[in-house]
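A quick write-up on the structure given underneath.
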Amino acid sequence: MQSGSTIYINGKQATWGPAVEAPYLYQQIRTRGHSALRVAEHCRILDAASQRLFEREFKADVRQIEECIASLLARDHYSKELSHIVELRLYAEGEYALFALETSLYADFELRALRPRAMVFSDDNPLYDLPTSAARATTELLRKYAERYGCSAVVRTDRNGIVRGIDGVAAMAVIDREIVVSQGAESVEKSATIERLRKVRRERITVRDISIDELRRADEIFYADVRGITSIAELEGEVLSDFVANAIGGCTTTDDDIEILA
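So, in structure tokens, the structure goes:
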């Protein structure tokens, strides 16, 4: 985030200030050129999170948000030929902010080139599944902690050994010829990945709790966020495959995919 970039607050161009860093809920939105993707779904996720955390609905004007994203990307001279990432923040009082984060390394939502090693970390934050500024900070701190052990991703579990997610998003794993997606944290990317799995894989796909014992015997582990699909190379020294992640990571998002998720 750059304080010199364009920011919109409640649909109007504004200036940067300390209020932008007040506690918030957030979504990171991919674009094609200056056109934002799946904005309606991002807003629905924020609305559900806002009602749960702030007891306030987020009555988003999706068209206005799309127009603001196009405007701020143009003002900040982002290319119309590349894919970019824009952040939408929602505050407790109901205000929202929009600004551009960066240009994506990938033209589409696809498999990332790197394959991180992962470690397991247990905690009991009751709001782990909400896209909050606190959850983001925790994820970033855990990544730093993991670096001490030669890892760059963290599998979080609760005290009962249920997997909460990886890198702050839902865990996905191939276990006993079944593709299992963890419950909890919802995201546009989680939905998009499930849709791709249903199109290109024959395995049964189940959304349910995953125990850490199950995850440790998985053939493959991966997860999806705004950066793309990430395949885990190792979990605590156990080498993992990446066949399923490769199969879905090579799919190009179509207009039908966007319509399904919009």
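For the sequence shown, my numbering gives the first residue as 16, with consecutive numbering after it.
Every residue gets a Cβ at the ideal spot worked out from N, C-alpha and C, and that includes glycine.
Computed from a predicted model, the values in this text were never measured in an experiment.
According to the Cβ coordinates, are ALA55 and VAL77 closer than 8 Å?
The sequence position of residue 55 within the sequence shown is 40, counting from 1. The sequence position of residue 77 within the sequence shown is 62, counting from 1. Yes; because the gap between Cβ atoms is below 8 Å, this pair is in contact.
Terminal residues of the continuous alpha helix (DSSP H) containing LEU68?
Against the sequence shown, residue 68 aligns to sequence position 53. Taken as a continuous stretch (DSSP letters only), the alpha helix (DSSP H) holding LEU68 covers 54-68.
Can you check DSSP and say which residues form a bridge with ALA152?
Here residue 152 is taken as the residue at index 137 of the sequence shown, counted from 1. Answer by DSSP bridge pairing: none, since ALA152 is not bridged.
Within the continuous beta strand (DSSP E) that includes ASP228, where are the two ends?
Numbered from its first residue, the sequence shown carries residue 228 at position 213. Element bounds for ASP228: not the beta strand (DSSP E) but the alpha helix (DSSP H), 227-231.
Kindly list the residues whose CB is nearer than 6 Å to the CB of GLU235, restricted to its own chain and excluding five residues on each side of it in sequence; keep chain order.
For the purposes of this step, residue 235 is identified with residue 220 of the sequence shown, where counting begins at 1. Answer for GLU235: VAL189, LEU255, SER256 and VAL259, listed in chain order.
Can you have a look at ASP191 and say buried or exposed, based on whether 16 or more other CB atoms are within 10 angstroms of its CB?
Numbered from its first residue, the sequence shown carries residue 191 at position 176. By the neighbour-count rule (16 or more Cβ atoms within 10 Å), ASP191 is not buried but exposed.
Are the stretch 231-250 and the stretch 194-206 in contact at 8 Å, needing three or more beta carbon pairs?
yes
TYR160 (DSSP reduced to helix, strand or coil):
The residue you call residue 160 lines up with position 145 of the sequence shown. Residue state, collapsed to three classes: helix.
Which one of VAL215, LEU103, ALA185 and GLN198 has the shortest CA to CA distance from GLU204?
As a working mapping, residue 204 is identified with position 189 in the sequence shown. Cα-wise, what sits closest to GLU204 is ALA185.
Helix, strand or coil: which one does DSSP assign to GLY264?
Taking the first residue of the sequence shown as 1, we reach residue 264 at position 249. Three-state DSSP puts GLY264 in a helix.
Close-in-space but distant-in-sequence residues of the same chain around GLU81 (CB under 8 Å, 5 per side omitted):
Residue numbering aside, residue 81 sits at position 66 when the sequence shown is read from its first letter. Hits under 8 Å: SER50, ALA51 and VAL54.
Is LYS95 near the ligand NAP - that is, is its Cβ less than 7 Å away from at least one heavy atom of it?
With respect to the ligand NAP, the structure shown offers nothing to examine, as it has no ligands at all.
Give me the Cα-Cα distance between ARG158 and PRO33, rounded to the nearest whole angstrom.
Numbered from its first residue, the sequence shown carries residue 158 at position 143. Numbered from its first residue, the sequence shown carries residue 33 at position 18. Those two C-alpha atoms are separated by around 26 Å.
Rounded to whole angstroms, what's the CA-CA distance from LEU142 to ARG67? Just pull it up for me.
Counted from its first residue, the sequence shown places residue 142 at position 127. Counted from its first residue, the sequence shown places residue 67 at position 52. Cα to Cα, LEU142 sits roughly 10 Å from ARG67.
Burial state of HIS92 (16 or more Cβ within 10 Å)
For the purposes of this step, residue 92 is identified with residue 77 of the sequence shown, where counting begins at 1. Its Cβ having fewer than 16 others within 10 Å, HIS92 is exposed.
Alpha-carbon to alpha-carbon, THR46 and ALA133
As a working note, residue 133 is residue 118 in the sequence shown. As a working note, residue 46 is residue 31 in the sequence shown. Rounded to the nearest angstrom, the two C-alpha atoms are 29 Å apart.
Would you call the stretch 110-126 and the stretch 157-177 touching, i.e. three or more CB-CB distances under 8 Å?
no
Distance between ARG219 and GLU110 (C-alpha atoms, nearest Å):
The sequence position of residue 110 within the sequence shown is 95, counting from 1. The sequence position of residue 219 within the sequence shown is 204, counting from 1. Going by the C-alpha atoms only, they are around 41 Å apart.
Which of helix, strand or coil does DSSP assign to VAL196?
Sequence index remark: in the sequence shown, residue 196 carries index 181 (1-based). Three-state DSSP puts VAL196 in a strand.
Taking just the CA atoms, how far does GLU251 sit from LYS214?
The residue labelled residue 214 in the question sits at position 199 within the sequence shown. The residue labelled residue 251 in the question sits at position 236 within the sequence shown. Cα to Cα, LYS214 sits roughly 31 Å from GLU251.
Unbroken beta strand (DSSP E) run spanning LYS214, endpoints
Working through the sequence shown from its first residue, we reach residue 214 at position 199. Here LYS214 belongs to no beta strand (DSSP E); instead the alpha helix (DSSP H) covers 203-215.
Endpoints, beta strand (DSSP E) assigned at GLU235
For this step, residue 235 is matched to residue 220 along the sequence shown. GLU235 -> beta strand (DSSP E) spans 235-240.
Using the three-state DSSP reduction, which class does ILE24 fall into: helix, strand or coil?
Within the sequence shown, residue 24 is the residue found at index 9, counting from 1. In this structure, ILE24 counts as strand in the three-state DSSP scheme.
The alpha helix (DSSP H) enclosing GLU102, as first and last residue numbers
Position 87 of the sequence shown, counted from the start, is the residue given in the question as residue 102. GLU102 -> not in any alpha helix (DSSP H); beta strand (DSSP E) instead, spanning 99-106.
Compute the distance between the beta-carbons of LEU113 and HIS99, then report whether it is under 8 Å.
If you number the sequence shown from 1, residue 113 lands on position 98. If you number the sequence shown from 1, residue 99 lands on position 84. The answer is no: Cβ separation not under 8 Å.
Which complete beta strand (DSSP E) runs does the stretch 106-138 hold, if anything under 3 residues is left out?
111-118 and 132-137
How long is the line joining the alpha carbons of MET187 and ILE263, rounded to whole angstroms?
By one-based count along the sequence shown, residue 187 stands at place 172. By one-based count along the sequence shown, residue 263 stands at place 248. Cα to Cα, MET187 sits roughly 12 Å from ILE263.
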